[in-house]
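Visitor: Below are the C-alpha cells for one structure; questions will follow.
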Amino acid sequence: MRPIQMVDLVTQYRRIQDQIDKAVLEVIRSGKYINGNAVQVFSAELSEYLRVKHVIPCANGTDALQIALMALDLQPGDEVIVPAFTFVASAEIIALLKLTPVLVDVHPRTFNLDIDKIEAAISSRTKAIVPVHLFGQTADMEPLMQIAKKYGLYVVEDNAQSIGSVYTFSDGTRKQAGTMGDIGTLSFFPSKNLGGYGDGGALLTNDDLWERKLRMIASHGQSQKYIHKMIGCNSRLDTLQAVILKVKLSYLASYIRKRKKTAEKYNAELESQVNWVETPYCIPVSSHVYHQYTLKVKHNRRDDLQKYLKTKGIPTMVYYPLPLHYQPAFKNIVKIGGDLSESEKLAQSVLSLPMHTELDNEQIRYITSQIVGYE
Ligand SMILES: *Cc1c(COP(=O)(O)O)cnc(C)c1O
Numbered sequence: 003m004r005p006i007q008m009v010d011l012v013t014q015y016r017r018i019q020d021q022i023d024k025a026v027l028e029v030i031r032s033g034k035y036i037n038g039n040a041v042q043v044f045s046a047e048l049s050e051y052l053r054v055k056h057v058i059p060c061a062n063g064t065d066a067l068q069i070a071l072m073a074l075d076l077q078p079g080d081e082v083i084v085p086a087f088t089f090v091a092s093a094e095i096i097a098l099l100k101l102t103p104v105l106v107d108v109h110p111r112t113f114n115l116d117i118d119k120i121e122a123a124i125s126s127r128t129k130a131i132v133p134v135h136l137f138g139q140t141a142d143m144e145p146l147m148q149i150a151k152k153y154g155l156y157v158v159e160d161n162a163q164s165i166g167s168v169y170t171f172s173d174g175t176r177k178q179a180g181t182m183g184d185i186g187t188l189s190f191f192p193s194k195n196l197g198g199y200g201d202g203g204a205l206l207t208n209d210d211l212w213e214r215k216l217r218m219i220a221s222h223g224q225s226q227k228y229i230h231k232m233i234g235c236n237s238r239l240d241t242l243q244a245v246i247l248k249v250k251l252s253y254l255a256s257y258i259r260k261r262k263k264t265a266e267k268y269n270a271e272l273e274s275q276v277n278w279v280e281t282p283y284c285i286p287v288s289s290h291v292y293h294q295y296t297l298k299v300k301h302n303r304r305d306d307l308q309k310y311l312k313t314k315g316i317p318t319m320v321y322y323p324l325p326l327h328y329q330p331a332f333k334n335i336v337k338i339g340g341d342l343s344e345s346e347k348l349a350q351s352v353l354s355l356p357m358h359t360e361l362d363n364e365q366i367r368y369i370t371s372q373i374v375g376y377e
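Set out below in C-alpha cells:
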C-alpha cells in the first residue's frame, strides 16, 4: 500500500504534469510574471464556472477577507458576526481593522453558523456577518440573508474551503458558495479544493460598484495609474499561479466527484460498523465538496483514537482544537455573542481523516478497518 498522506498534492500533480509544466515554462519564458494575460483568462473562466459576474484575484484568502472588509468602510468598534468555530483568518481580519468580532455558536451537526443564534447577537453596532462555509458545505444562506436584510447587514462569505459547493433556495434557485452575499472570498492555498502551487486568493461579487472598489483596494487604492483615491494594499495573484489554477480549474468538477466518492466509501464502512463516531452530516440545501472529512468522536475518545491511528501510519488532523474565544490573541478582544458550548464541544471531539483526490480503495479500506478495529 502507498503511504497515506493527509493531503497528496504530488501524486495529483503527476497526473497533469505535462499541462502544468508547459504552462509554467511559458510564463517563465514570457517574462510577464505580474498581471500577465493568464490572470485575466483564469479570472474569466472562474467567473463562468461559479456563475458570478466578477472575480477579483488577489494574493491569498486572508487578503481577500481583508480587502472585502476594507471595502465596507466600517468604523472602529463596529461589530462583525463570525462563527466561534473556524480558522483564525475569518476573525483575525475583523480585529486587524479595529472592528469587533462577535462570536456566534455553530450548529453541532453542520459546523456552520447556527442561524437560530444570530439575531440574539445583533446590536446597534452590528454591521456585517461573515459566514464561513466550513469543510465543504455552505452555511444555511437563505435564512441568513433574510436576517441580514432585516437588520441591514453586509454579508461577506468566507468561502476558502467550499469552492464548487452549491446552495439551493426554497424557490429552486441554485447558487454557488461565495456568490450569495455582497462579497465572497476564496483561497487557492495548495491544500484547498482548488489549490495553486503557492499562495493565491480571489474575491467574488455580482455588484459592479463593489467590484471597482475591491480592485482599487487590492491595487494600492489606485483609481488610475499613480492616482490613489483611498488607502489600499498590494495584493496580486502571480501569473505563475494563474496558469496552474487555470489547468486545475478544468479538473475541479472531477476532483469534487473524487472527494465525494471517497467520503461515501468512508461513510459506508463507518456508519455500518462504528457507533462511537458520527460521520459528516450534509444539510439537504447544500452540496458537500468535502474539503475535509470530519468525524465527531464520542465518549472523549478523540485524542486516543488520533494517537492510535498515528501508530498505524494514518495521519489525521484536529480542525480546530480551540474555539476563537479560547485563543490567546482573541480572548480579550472578541465579544461573546451568546452561548458557545457547541463550538467548545466540537473542539474536543472533531477529527478529520485524510481527504484528497488521490486516496485509493486499499488506503480507504485500511483507514476504516483500523477505526473499526480500535477498541
Ligand atoms: C485557508 C482559509 C483562509 C485563509 O486562506 P489563505 O489563502 O491561507 O490566506 C481563510 N478562511 C478559511 C476558513 C480558511 O480555511
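Each residue of the sequence shown is one higher than the last, beginning at 3 in this note's numbering.
By construction, the Cβ of each residue, glycine as well, lies at the ideal position given by its N, Cα and C atoms.
#1: When you compare each of Ile36, Val41, Gln224 to glycine 244 by their alpha carbons, which one comes out closest?
#2: Near proline 317, which residues of its chain fall below 7 angstroms by C-beta distance, leaving aside the five closest residues on each side in sequence?
#3: Can you round the beta-carbon distance between serine 193 and alanine 220 to whole angstroms, since I take them to be within the 8 angstroms contact cut?
#4: Using the three-state DSSP reduction, which class does lysine 119 fall into: helix, strand or coil?
#5: With a threshold of 6 angstroms, establish whether the CB of alanine 130 neighbours any heavy atom of ligand 1.
#6: Can you tell me whether isoleucine 369 is helix, strand or coil according to DSSP?
#7: Glutamate 94 to isoleucine 83, Cα distance in whole Å?
#8: With a threshold of 6 angstroms, establish whether the CB of asparagine 114 neighbours any heavy atom of ligand 1.
#9: Flag valine 134 as yes when its Cβ comes closer than 6 angstroms to any non-hydrogen atom of ligand 1, and as no otherwise.
#10: At what residues does the alpha helix (DSSP H) containing aspartate 160 begin and finish?
#11: Please name the residue, chosen from Arg304, Ser274, Lys231, Ala265, that lies closest to valine 291 on a Cα-to-Cα basis.
#12: Taking 6 angstroms as the cut-off, does the CB of phenylalanine 191 come closer than this to any heavy atom belonging to ligand 1?
#13: Using a Cβ-based criterion (distance less than 6 angstroms to any ligand heavy atom), does aspartate 160 qualify as near ligand 1?
#14: Could you tell me whether any non-hydrogen atom of ligand 1 is closer than 6 angstroms to the CB of phenylalanine 87?
#15: Tell whether a beta-carbon distance below 7 angstroms holds between leucine 206 and valine 43.
#16: Would you decide whether tyrosine 169 is buried or exposed? Buried here means 16 or more other CB atoms lie within 10 Å of its CB.
#17: Is the distance from the Cβ of aspartate 80 to the Cβ of leucine 101 below 7 angstroms?
#18: What's the gap between the Cα of glutamate 144 and the Cα of lysine 177?
#19: According to DSSP, simplified to helix, strand and coil, what is lysine 337?
#20: Just to confirm before moving on: does the CB-CB distance between glycine 203 and leucine 188 stay below 7 angstroms?
#21: In whole angstroms, what is the alpha-carbon distance linking asparagine 114 and serine 343?
#22: Quick one: which unbroken beta strand (DSSP E) runs of 3-plus residues sit fully inside the stretch 255-288? Chain order, please.
#23: Do isoleucine 120 and isoleucine 149 have their beta-carbon atoms positioned less than 7 angstroms apart in this structure?
#24: For asparagine 62, verify whether its CB is less than 6 angstroms away from any heavy atom of ligand 1.
#25: Kindly identify the DSSP beta-bridge partner or partners of lysine 203.
#26: Closer than 7 angstroms by C-beta to arginine 303: which residues in its own chain qualify, once you throw out the five before and the five after it? Chain order, please.
#27: Could you tell me how far apart the beta carbons of leucine 105 and isoleucine 369 are, in whole angstroms, since I believe they sit closer than 8 angstroms?
#28: Taking only heavy atoms of ligand 1 into account, decide whether any of them is closer than 6 angstroms to the Cβ of glycine 203.
#29: Look at serine 351 and threonine 296 and say whether their C-beta atoms are less than 7 angstroms apart.
#30: Apart from the five residues on each side of it in sequence, which residues of its chain come closer than 8 angstroms, Cβ to Cβ, to lysine 300?
#31: Mind reading off the beta-carbon distance from leucine 48 to leucine 211? Whole number of angstroms is fine, and I expect it under 8 angstroms.
#32: Ligand 1 and glutamine 294: does any heavy atom of the ligand fall closer than 6 angstroms to the residue's C-beta?
#33: Tell me the rounded alpha-carbon separation between cysteine 284 and glutamine 226.
#34: In this structure, how does DSSP classify asparagine 236 when only helix, strand and coil are distinguished?
Guide: Taking the geometry as given:
#1: Here residue 244 is alanine; the residue named in the question, glycine, does not match the sequence. Ranked by Cα distance from alanine 244, the options Ile36, Val41, Gln224 are led by Val41.
#2: Correct list, in chain order: Ile6, Gln7, Met8, Pro356.
#3: The Cβ separation is near 23 angstroms, so there is no contact.
#4: In this structure, lysine 119 counts as helix in the three-state DSSP scheme.
#5: No, since every heavy atom of ligand 1 falls outside the 6 angstroms radius drawn around the Cβ of alanine 130.
#6: It is helical.
#7: The alpha-carbon atoms of glutamate 94 and isoleucine 83 are separated by roughly 12 angstroms.
#8: The answer is no for asparagine 114.
#9: Under cutoff, so the answer is yes.
#10: DSSP places aspartate 160 outside any alpha helix (DSSP H); the residue lies instead in the beta strand (DSSP E), whose first and last residues are 156-160.
#11: The candidate whose alpha carbon is nearest that of valine 291 is Ala265.
#12: Because some heavy atom of ligand 1 lies under 6 angstroms away, the Cβ of phenylalanine 191 counts as near it: yes.
#13: Checking the Cβ of aspartate 160 against ligand 1 gives yes.
#14: The answer is no for phenylalanine 87.
#15: Pairing leucine 206 with valine 43 gives a Cβ-Cβ distance that is not under 7 angstroms.
#16: In this structure tyrosine 169 is buried. Its beta-carbon is surrounded by 16 or more other beta-carbon atoms within 10 angstroms.
#17: In this structure, aspartate 80 places its C-beta atom within 7 angstroms of the C-beta atom of leucine 101.
#18: Linking glutamate 144 to lysine 177 through their CA atoms gives a straight-line distance of about 11 angstroms.
#19: In the structure shown, lysine 337 adopts extended strand secondary structure according to DSSP, grouped into three states.
#20: Between glycine 203 and leucine 188, the C-beta spacing is below 7 angstroms.
#21: The alpha-carbon atoms of asparagine 114 and serine 343 are separated by roughly 14 angstroms.
#22: Annotation note: the stretch 255-288 contains no uninterrupted beta strand (DSSP E) run of length 3 or greater.
#23: For isoleucine 149 and isoleucine 120, yes; Cβs fall inside 7 angstroms.
#24: Yes, since a heavy atom of ligand 1 falls inside the 6 angstroms radius drawn around the Cβ of asparagine 62.
#25: Rather than lysine, the amino acid found at residue 203 in this sequence is glycine. Partner(s): Cys60, Ser189.
#26: Counting only residues of its own chain and dropping the five nearest sequence neighbours on each side, arginine 303 has a CB closer than 7 angstroms to the CB of Trp278.
#27: 33 angstroms between Cβ atoms; not a contact.
#28: A distance criterion of 6 angstroms places the beta-carbon of glycine 203 in contact range of ligand 1, judged by its closest non-hydrogen atom.
#29: With a cutoff of 7 angstroms on beta-carbon distance, serine 351 and threonine 296 are scored as not near each other.
#30: The beta carbon of lysine 300 sits closer than 8 angstroms to those of Trp278, Val279, Glu280, Ser351, all from its chain and outside the five residues before and after it, given in chain order.
#31: Between leucine 211 and leucine 48 the Cβ distance is about 21 angstroms, and since that is not below 8 angstroms, they are no contact.
#32: No, ligand 1 has no heavy atom inside 6 angstroms of this Cβ.
#33: If you take the alpha carbons of cysteine 284 and glutamine 226, they lie about 46 angstroms apart.
#34: Residue state, collapsed to three classes: strand.
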